[in-house]
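Taken in sequence, the protein lines are chains X and U.
When we follow my numbering, the leftmost residue of the first sequence carries the number 65, and every step to the right adds one.
When we follow my numbering, the leftmost residue of the second sequence carries the number 65, and every step to the right adds one.
Heads up, the thing below is written out as C-alpha cells.
Protein chains: 2
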Amino acid sequence: MSQKADETGMMKAILAKGDAPLEWCDVPKPVPKAKEVLIKVAAAGLNRADILQRKGMYPPPEGASDIMGLEVSGYVEAVGSDVENWRVGQQVCALLPAGGYAEYAIAHQGSVMPIPDGVSLHEAALLPEAVMTVWANVFDMAVLHPGETLFVQGGASGIGTTAIQMATALGAKVYVTAGSDEKCKACIELGAEGAFNYKTTDFEEELKAVGGADVVLDMVGGDYLPKHINASKFGARILHIAVQGGLKAEVNLLKVMMKRLTITGSTLRGRNDLDKMHLADMAVKEVWPWVASGQLRPVVDSSFAMKDAEKAHERLTSGLHVGKIVLTL
Amino acid sequence: MSQKADETGMMKAILAKGDAPLEWCDVPKPVPKAKEVLIKVAAAGLNRADILQRKGMYPPPEGASDIMGLEVSGYVEAVGSDVENWRVGQQVCALLPAGGYAEYAIAHQGSVMPIPDGVSLHEAALLPEAVMTVWANVFDMAVLHPGETLFVQGGASGIGTTAIQMATALGAKVYVTAGSDEKCKACIELGAEGAFNYKTTDFEEELKAVGGADVVLDMVGGDYLPKHINASKFGARILHIAVQGGLKAEVNLLKVMMKRLTITGSTLRGRNDLDKMHLADMAVKEVWPWVASGQLRPVVDSSFAMKDAEKAHERLTSGLHVGKIVLTL
C-alpha cells in the first residue's frame, strides 16, 4: 500500500464529510514543509473532537488538512529542511492539528515525541491528545499539587483514565464520575480514590461528603458548573475542556469571590506550535517516566482497522467504551 | 477626648446597626492582643463595604469588632507583647477587619504600614483598602503585565482611581467606565487611555474598538460578565471584587475555552493574616514608591468629621463622588 502511495503521490485517508459515512478515499500524499515531519502511520487515536468535527462543530485550524484525526504513532518517513531532531525510520508518536486517519500524516516537529518505554507502537497513538490535554489543564493551568483533590467528570473516558493515572502519579487524590458501576470499578482500579455513578447518585453531595475538590476537570459544562462551584474547596480551579452538556452555565459570582475560585478552560487544538512544543516537552520529560514505570498506561477499549473508522465512531458514540479506541493500519 | 478615653477605658465609635442612623457612641476602648497594634485614629477611609455591612450583607469576620471601618491612619498608641516592628508614637496606616470609625482601632501587626512619603496623615487612611485590593487582584491574581490592557468598571470609584494609577505606573494601558462625562474626564486626567460613559455608550463595543482587555476588574457582575467575555482578548483574566449589579451571571463556556479566559474573584476581608501581611509588604515595597514619586495619589472626594459619618455615607450612596471619602478626628 505504501509502495503504491510512494509511486503515485497518492495515499488512502478518511475525510470529515458531515454525516456521510466515513470512507477510505484516495487523496494526495502530503509533503512536509521546512519544520514538519511526515509520519508513516501505524495507528491513530480516536477523540470525541472527531465526532464534533463531523458535525461541523470543531473545525480544524486554518490551513490544516480536512483529513480527520488528532494523534498518531508510526515511523518517520521524511523530514522538512529545518528539522534537526528527527530522522527517517524513527518510531514516534505525535499530536496533529488534523490528518491522522491516513497512511501518512504531517506533524510539526515540536509536536513529535519518541515512543515511551513500556507501550507498543499502536498503544503510543493513544497518548498525545490525552496526556497533553491533562498536562495543559490540570498541571499547567490549575497547578494541581500533591495531596490536593482532583475531581474528573467522565472518569472512564480517554481523558478521564489518563487524568486518574497522571494525578495519582503526582500524589493527588482523584474522585470521578462514570455512567455505570462497571465503569466506576474500572476507575477505582486505575487509582481513583472514589467513583460516583452519576446515574444513581448526586455527585455534588458525594463530592462534598469527601471534602470537596481543589481542581475540577470537566467536559460537561451547562448545569454542572453550579454543582462544581458548590462542591469546590476554597481556592479551587474549575477547568472546562468540552461542553457536552451545554455551552451556557450560570455562575454565582459571590460564591466565586468568597471561595476565591478560578473558572477557566482551554482547547488543545487552538494552541500554537510553541505551546504544543512545550506540552510535548513536558510529556516526554515528566509523563513518559510514568509510562515507563507502569504508573500510566493507555487504556485501550478496542481496536479497529482504519478503513473501518465508521464502526470505531459508532463505538465511541455508544458511550459504552472505557478508555480509548485505536485505528490501526 | 483621648485623655478622657484613657482615664475611663471608654472611647467614642460608630457601630453598624442596620438602617438606624450612624451614632457616635461610647464603647470600651480596645486592648491589643499579643500580635496586635492599637492605633490612635487620625482618619478613617469609607468603603462601599461599609454600606453593605449596614444592610447586613457583608458581616465582619468572626471575632472582629462591630465597629465599622476597614482602614485608618493615626499614631501607634500601644503594642501587644509579640509586636516587634512598631513602637508607640509612630505614624501608621492600616487595613482592619473592622473597627476603624473610632477614636482607637486595633490592627494585626502584619496589616500595619508606614505612611508613604508624599501624602498627609489623613490621606494615608485612604490607601490600604484600595491599594491592597488592586494588588491582590490585578497584580497577584491576574499578573497584569506592562503593555497589557486593563479595563476597570467604575473608574471614578476609590478602587477605580487607584487601579488607573497603579496599572499606569506599571506600564499598562487602562480603559474605564464611569457614569458621567465629568467623571470620565477625571479618569483620563489620572492616566486612563480612555473612559466610556456607560450611560451614553455601549462599553462592550467601545472596548472591542480599542482592541479588548487582557484584564478586567469588575465590581458589577450580573449582566456585565457576558459583555466582558465578548470584549476580552485571548488569555484574558476577569476579576470580580463586588457584585453591585447582581450575584448571578451567565457564562458561555465555549467562549471561555476558545479564548482561554480565566474568571475569578476575591474579597479582601476574607483573607487571612498571612495573606494580608503579604499584601501590606507588597504595598510598602512596590506601591509606596509610586506614592513618593507622585505616580499614585489618593483621590480625596470629600472629608467629614467622623461623628458626621451619616453625611459621609449619604455622599457615598449618592454616587456623585470621585475617589474616596475620608472621616477625620
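We treat Cβ as the ideally placed atom computed from N, Cα and C, and that holds for glycine.
Which term fits residue 221/X, buried or exposed, when burial requires 16 or more other beta carbons within 10 angstroms of its beta carbon? Burial is judged here by how many other beta carbons sit within 10 angstroms of a residue's own beta carbon; residue 221/X has at least 16 and is buried.
Residues that DSSP places opposite residue 335/X in a beta bridge: Per DSSP, none; premise fails for residue 335/X.
Give a yes or no on whether 8 Å exceeds the smallest Cβ distance from residue 68/U to chain X. The pLDDT assigned to residue 68/U is 43, lower than 50, so where the model puts this residue is not dependable; a value taken from the coordinates is nonetheless given after this. Between residue 68/U and chain X, the shortest Cβ-Cβ separation is not below 8 Å.
Hey, would you say residue 115/X sits closer than 8 Å to residue 381/X, going by beta carbons? Yes, the Cβ-Cβ distance between residue 115/X and residue 381/X is below 8 Å.
Would you report the Cα separation of residue 281/X and residue 216/U, rounded to the nearest angstrom? Taking the Cα positions, residue 281/X is about 30 Å away from residue 216/U.
Quick check on residue 150/U: does DSSP put it in helix, strand or coil? Coil, per DSSP.
CB-CB under 8 Å to residue 313/U, same chain, minus the five flanking residues each way: which ones, in chain order? For residue 313/U, same chain residues with a beta-carbon under 8 Å away, outside a window of 5 residues either side, are 285, 286, 287, 288, 289, 290 in chain order.
Quick one: which chain C residues come within Cβ less than 7 Å of residue 325/X? Looking at the structure shown, chain C is missing, and the protein chains on hand are X and U.
How is the beta strand (DSSP E) around residue 301/U delimited, first residue to last? Segment 296–304, the beta strand (DSSP E) holding residue 301/U.
Check for me: the beta strand (DSSP E) holding residue 232/X runs from which residue to which? From DSSP, residue 232/X is part of no beta strand (DSSP E) but of the alpha helix (DSSP H) over 222–234.
Is there a C-beta anywhere in chain U that falls below 8 Å from the one on residue 223/X? Chain U contact via Cβ: absent.
Roughly how far, in whole angstroms, is the beta-carbon of residue 170/U from the beta-carbon of residue 156/U, given that I think they are within contact range, below 8 Å? About 13 Å; that fails the 8 Å criterion.
Can you tell me which of the three DSSP states residue 159/X falls into? It is a strand residue.
With residue 242/X as the anchor, note down where its alpha helix (DSSP H) starts and where it stops. For residue 242/X, there is no enclosing alpha helix (DSSP H); the enclosing beta strand (DSSP E) covers residues 237–242.
Where the beta strand (DSSP E) containing residue 179/U begins and where it ends: If you look at residue 179/U, you'll find it isn't in any beta strand (DSSP E); DSSP assigns it neither H nor E.
Collapsed DSSP secondary structure at residue 110/U in the structure displayed: Residue 110/U: coil per DSSP, three-state reduction.
Curious, which full-length alpha helix (DSSP H) runs of at least 4 residues does the region 345–378 of chain X contain? Every alpha helix (DSSP H) of 4 residues or more that sits fully in the region 345–378 of chain X is shown, in chain order, as 352–356.
Option in 225/U, 242/U, 241/U with minimal Cα separation from residue 402/U: Nothing about residue 402/U can be reported from this structure: the residues present for chain U run from 65 to 393 only.
Just to make sure I have the definition right: I need the residues of chain U whose C-beta is within less than 9 Å of the C-beta of residue 149/X. Which are they? Going along chain U, no residue has its Cβ under 9 Å from residue 149/X, so there is no contact; the nearest lies around 28 Å.
Residues of its chain near residue 122/U, where Cβ-Cβ distance is below 6 Å and the 5 sequence neighbours each way are ignored: So the qualifying residues of the chain are 113, 116.
What do you reckon, are the CB atoms on residue 192/X and residue 100/X nearer than 8 Å? Contact flag unset, no.
If contacts are defined as beta-carbon pairs under 8 Å, then residue 377/X and residue 86/X qualify, I think. What distance do you get, rounded to the angstrom? Rounded, the Cβ-Cβ distance is 7 Å, consistent with contact.
In chain order, what residues of the same chain have a beta carbon less than 6 Å from the beta carbon of residue 146/U, not counting five sequence neighbours either side? 98, 99, listed in sequence order.
In three-state DSSP terms, what is residue 392/X? Strand, per DSSP.
Of all Cβ atoms in chain X, is any one closer than 8 Å to the Cβ of residue 297/U? No, no contact with chain X.
Just verifying my parser: in three-state terms, what is the DSSP assignment at residue 88/X? Correct three-state label for residue 88/X: coil.
For residue 302/X and residue 125/X, what's the separation of their Cα atoms in angstroms? Rounded to whole angstroms, residue 302/X to residue 125/X spans 26 Å at the Cα level.
I'd like to confirm the pairing. Which residues does DSSP put opposite residue 172/U in its beta bridges? Beta-bridge pairing by DSSP links residue 172/U to 100/U.
Pair within 8 Å by beta-carbon distance, residue 162/U and residue 105/U: The Cβ atoms of residue 162/U and residue 105/U lie no closer than 8 Å to each other.
CB of residue 186/X within 8 Å of CB of residue 107/X, strictly: With respect to residue 107/X, residue 186/X sits close: the two C-beta atoms are nearer than 8 Å.
Starting from residue 311/U, find everything on chain X with Cβ-Cβ shorter than 7 Å and list it in chain order. Correct list: 316, 317, 318.
Within a Cβ cutoff of 8 Å, which residues of the same chain sit near residue 358/U, ignoring the five residues on either side of it in sequence? Take residue 358/U, set aside five residues on each side of it, and the residues of its chain with a beta-carbon closer than 8 Å to its own are 182, in chain order.
Need the endpoints of the beta strand (DSSP E) that residue 314/X sits in, please. Element bounds for residue 314/X: 312–316.
So, does the CB of residue 241/X fall closer than 8 Å to a CB anywhere in chain U? Using a CB distance cut-off of 8 Å, residue 241/X does not count as an interface residue toward chain U.
Could you tell me which chain X residues have their CB closer than 9 Å to the CB of residue 75/U, listed as they occur along the chain? Identification of chain X residues near residue 75/U by a Cβ-Cβ cut-off of 9 Å yields none; the smallest Cβ-Cβ distance measures about 32 Å.
Smallest Cα separation from residue 174/U: which of 391/U, 103/U, 390/U, 337/U? Nearest option by C-alpha distance: 337/U.
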